[in-house]
Structure formats: structure tokens, C-alpha cells
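The opening residue of the sequence shown carries number 1195 in the numbering used here; numbering runs sequentially from there. Think of the CB as a built atom: it goes at the ideal place given N, C-alpha and C, for glycine as much as any other residue. These notes are about the structure you will find just below.
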Amino acid sequence: MQDIYVLAIESSCDETSMSIIKNGTEEVCTVTNTQIDIHKEYGGVVPEVASRTHIENITIVLDELLFRSNFTMDMIDLIAVTYGPGLIGSLLIGLQCAKTISLVTGKPLIPVHHIAGHIYANNLEKRLEFPLIALVVSGGHTDLVYMKEDYSFKRIGSTLDDAVGEAYDKVAKVCGLEYPGGPLVDKLAKEGNDTYDLPLPLNDDTYNFSFSGIKSAVVNTIHNEHQRGNEIRVPDMCTSFQNRVVTVLVKKTMRALKEYNAKNLILAGGVAANSYLRQELTKACLENGINFSYPRISYCTDNAAMIGAAAYYAYKKGIIADQTLNAVAVEPLYNEK
Ligand code: KG4
Ligand code: ZN
């Protein structure tokens, strides 16, 4: 079979990333320009600043990718791009770049859903095995997804309010930690003790999640302590918060595996980088004979390699766009009821 090389572009938030992926499994080269240092100053991503910075960076990232990989455009078969969900202004920069390359070269344009990308980051580590359950945990999503085959996505549960990454970032902020707070909460939680009395978030029999309650409980606890003139013990708060969140994520995920008779679990999204979540899922999967895998850290947070991996399977399903492709801020991934 002839090899297929995908040139993939991801610009849905604050990373300008481009990658060349071979046959959906092999990373040839990736170049990512992150804007974290720019947005840190504001305590979160400023959409207008993000899209302007993408404009400044996008051709530089493309030049760098071709230079580092020693590739020319005629060696590429497909042009893939994240079309949503994400920040509209940011998405449009990557999308316009992809559409232009596709128009000029005549190569097919493959639209990739951002969460399909996060899921297929796992395919860069090890070929996905089906049926599987994917626990998608990012700054914008918390979903349990059932996949019976490639590019078939059935959502079985989701957050009713905040995404788990959003809750991590908010808790970090009220604890006085820098943006993005998730990695810092993860780090400090290792040094703390579970001393704060926080509720388990939506510990029920559904596959849905809710993190606004525990987020408010953290805010209220800190507020009450301050009113009493006490300082908060930040590592203890990080441990207490993380323990509750991970307990429920693990419990619902293990139940989904059982009910859907799936022997494979994958973790996806920025929060897949969380060491405690990885550790607890590894333990539970070992006990239950489940095949568990997760992407390396650089494939957990936003990157174009994952988009290139997903695009290969989208293309095989006949998913090809034309020049009318537009960016979408909110878009369901799920193609199965
Ligand atoms: O997938 P991602 O890069 O962007 C979105 O698509 O949302 O996820 C970013 C989220 C942020 O909320 C960040 O704080 C969180 O992932 N995150 C973590 C860790 N690393 C990144 N949360 C908890 N523990 C981590 N180690
Ligand atoms: Zn993401």
C-alpha cells in the first residue's frame, strides 16, 4: 500500500502547531509555537491576542516544519486542519492557511474535529484497539466516548457544566497559582494531604459529570478561611480537590468499560497529562484486565500531530471538505446515537 503523508494544522486555542504524519501512526515532524507566556500575564487565553499571534506565527511555523522535515509540498498527500470546536478567531487562521495550501496544490482538504484529534493522539503511541472507551478530559470537554471502530464516536456521558480542565484552572487561580493551573495543581497535590472536606462531584449512577459544585466548594472554603484570618494550605487544597475529581472520573470510566463490554481504555485531552489520573486508572485497569494507554505529555496538550493522525482515518471514511469549509466554535463530534 502506498504511504500517505498528511500535513496537519492546529490553531484552535493558543498553540500554532503543524505536523507531518505518515499513515496515521507515525510522526515525521511537528513544530509548535505556544503562546502560554503571552496569556499568562492575563491569567487565561485572550481570544483577540491569540488570533493575532497565530497570524504572526503561522507562516514561520510552516517554513520551520518544511525546513526541519526536509519535505516539499509535493511529498504531501493530504492537508488536514482543525475546523472546530475552539476560538473562532484562532481557528480561522489555521483554516485559511489549510484552505490556501489545498487550493494552490490541489491536494484534498480534511476537516478534523479537535476532540477526534485528542482521541487519535493515542494512535501515535499504539494502534487503537476496538471496542474502546475514551475518557476525554480537556479545558473544554469532559466526555466518555464509546468507539466500536475507527472514526465512530458515541458519546455516553458528558459534563453538565464545567470541563474538568476548566475546574483545575479555576481552582489554581483561586489558590494564587499561575495559568495554566492544571499542571501546577497536579504537582502540588503530590506534596499535600487530603484535609479539606470537599464534596464528590456528581457521584451518581449516570455517566455525566459536574465540576461547578466542587469548584464553588473550593472558592467558599478559601473565602471562609480568609474571613477567619487563616491562610489556605495550597498543597492540601490541591490534594483534596484532585482526589475527589479523580475518584469520580475513575469510577464512572470503569463502570462504562464493564457495561459496554470494552477491554480497551484510552485517555485523551490536556488533563490526560495528569499524573494522579494516569496512576489511578492504571491501577484500576490492572485489577480489571483492561488494556489502558495514554499519550505522552507532548501529545496530550494541543498539537497538530494528533490532527494528522485523525485525518488519515477521516479520509478513509470519505470525510473531505471543499473551500466552503468554515470554522465552528461549538460542534458535536458524535456521529452515533
Ligand atoms: O486539551 P487542552 O490542551 O486544550 C483544550 O482543548 O482545552 O487542555 C488544556 C487543559 C488546561 O485546563 C490545563 O490546565 C489542563 O489541560 N492540564 C492539566 C494538566 N496538564 C494540562 N490538568 C491537570 N493536570 C495536568 N497535569
Ligand atoms: Zn485540546
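Taking all protein chains shown into account, decide if V1298 is buried (16 or more other Cβ within 10 angstroms of its Cβ) or exposed.
Note on V1298: under 16 other CB atoms within 10 angstroms of its CB, so exposed under the neighbour-count rule.
So, for L1378: in the same chain, excluding its five sequence neighbours on each side, which residues have a beta-carbon less than 7 Å away from its beta-carbon?
Only A1366, L1371, E1372 meet the Cβ criterion.
Among the residues of its own chain, which have a CB less than 7 Å from the CB of M1448, if the five just before and after it don't count?
Cβ neighbours of M1448 beyond the five flanking positions: A1478, N1482.
Below 8 Å on the Cβ atoms is my guess for I1200 versus L1318; work out the distance and round it to an integer in Å.
Strictly speaking, residue 1200 in this sequence is Val, with Ile absent from that position. Contact check for V1200 and L1318: beta-carbon distance about 12 Å, past the 8 Å limit, so the pair fails to qualify.
Which residue's Cα is closest to the Cα of T1389: T1433, R1422, L1281, G1407?
Considering only T1433, R1422, L1281, G1407, the residue with the shortest C-alpha distance to T1389 is T1433.
Based on the DSSP output, what are the partners of C1223 in its beta bridges?
I1214.
Do S1245 and N1497 have their beta-carbon atoms positioned less than 7 Å apart in this structure?
Annotated as distal: N1497 and S1245, with beta-carbon spacing of 7 Å or more.
Quick test of the definition: if touching needs 3 or more C-beta pairs under 8 Å, does the region 1436-1446 touch the region 1388-1402?
Yes, the region 1436-1446 is in contact with the region 1388-1402.
Straight-line gap, L1259 to G1288 (C-alpha atoms, nearest Å)
Cα atoms of L1259 and G1288: separation of roughly 15 Å, rounded to the nearest angstrom.
Bounding residues of the beta strand (DSSP E) (the contiguous stretch that carries D1337)
If you look at D1337, you'll find it in the beta strand (DSSP E) that goes 1336-1341.
Nearest to I1214 (by Cα), restricted to the options N1227, R1438, I1270, A1523:
Taking I1214 as reference, the option from N1227, R1438, I1270, A1523 with the minimal CA-CA separation is I1270.
Please return the same chain residues whose Cβ sits closer than 8 Å to the Cβ of I1534, not counting the five positions on each side in sequence.
Limits of the chain in this structure are 1195 at one end and 1531 at the other, which puts residue 1534 out of reach.
Kindly provide the chain-ordered list of residues whose Cβ lies closer than 5 Å to any non-hydrogen atom of ligand 1.
The set of residues with CB atoms less than 5 Å from any heavy atom of ligand 1 reads, in chain order, S1332, G1333, G1334, G1359, Y1362, D1363, P1374, G1376, P1377, D1380, G1463, G1464, V1465, A1467, N1468, T1495, D1496.
Return the chain-ordered list of same chain residues with a C-beta closer than 7 Å to the C-beta of D1197, the five sequence neighbours on each side being excluded.
Only K1216, N1217 meet the Cβ criterion.
Can you tell me where the alpha helix (DSSP H) holding K1445 begins and where it ends?
From DSSP, the alpha helix (DSSP H) with K1445 extends over 1428-1453.
For A1328 versus P1489, is the C-beta distance shorter than 7 Å?
The Cβ-Cβ distance between A1328 and P1489 does not fall below 7 Å.
Tell me whether the beta-carbon of A1357 lies closer than 7 Å to the beta-carbon of G1376.
Inclusion of A1357 and G1376 in the CB contact set at 7 Å is not warranted, their separation being larger than that value.
Check whether the region 1411-1418 and the region 1455-1471 touch, using three or more Cβ-Cβ pairs below 8 Å as the test.
Segments in contact, no.
Output needed for S1406: all residues of its chain with C-beta closer than 6 Å, excluding positions within five of it in sequence on either side, in chain order.
Within the same chain, S1406 has close Cβ partners D1355, D1356.
Excluding the 5 residues flanking A1515 on each side, which residues of the same chain have their C-beta closer than 6 Å to its C-beta?
In the same chain as A1515, and ignoring 5 residues on each side of it, the C-beta atoms closer than 6 Å to its own belong to L1303, P1305, in chain order.
Among V1339, R1422, F1324, K1234, which one has its Cα closest to the Cα of I1309?
Ranking V1339, R1422, F1324, K1234 by Cα distance to I1309 puts V1339 first.
Residue range of the beta strand (DSSP E) that N1397 falls in?
No beta strand (DSSP E) contains N1397, which DSSP labels as neither H nor E.
Anticipated Cβ contact below 8 Å, K1293 with Q1436, distance rounded
Going by Cβ atoms, the distance from K1293 to Q1436 rounds to 41 Å, so no, they are not a contact pair.
Other residues of its chain near P1429: CB distance less than 6 Å, five sequence neighbours each side excluded
Here the set comprises L1382, E1385, G1386.
C-beta atoms of A1462 and I1313 nearer than 7 Å:
Less than 7 Å separates the beta-carbon of A1462 from that of I1313.
Spatial neighbours of L1527 within its chain, please: CB distance less than 7 Å, with the 5 preceding and 5 following residues excluded, ordered by chain position.
H1307, I1309, A1310, F1347.
Sort I1249, Q1290, T1224 by Cα distance to Y1277 and report the nearest one.
Out of I1249, Q1290, T1224, Q1290 has the C-alpha closest to the C-alpha of Y1277.
Find the nearest neighbour of S1206 within the set Q1229, M1341, M1195, judged by alpha-carbon distance.
When the alpha-carbon of S1206 is set against those of Q1229, M1341, M1195, the nearest one is in Q1229.
By a C-beta neighbour count over all protein chains shown, 10 Å radius and 16 as the cutoff for buried, is I1484 buried or exposed?
That one is buried.
By the three-class DSSP mapping on this structure, what secondary structure does P1489 have?
If DSSP states are grouped into helix, strand and coil, P1489 belongs with coil.
Find the nearest neighbour of T1247 within the set L1286, E1453, L1322, S1487, judged by alpha-carbon distance.
Ranking the options by Cα distance to T1247, first place goes to L1286.
Less than 6 Å between C-beta atoms, sequence neighbours within five positions excluded: which residues of the same chain meet that for E1525?
Hits under 6 Å: G1278, P1279.
Return yes when the Cβ of L1394 is within less than 7 Å of the Cβ of V1465, no when it is not.
Inclusion of V1465 and L1394 in the CB contact set at 7 Å is not warranted, their separation being larger than that value.
Quick one: is R1349 buried, meaning 16 or more other Cβ sit within 10 Å of its Cβ, or exposed?
So R1349 counts as buried.
Looking at C-alpha atoms only, which residue of S1284, D1268, V1239 is the closest neighbour of K1301?
When only C-alpha atoms are compared, the closest one is D1268.
Determine the direct distance from the alpha carbon of C1369 to that of V1243, and round the result to whole angstroms.
Approximately 26 Å between the Cα atoms of the pair.
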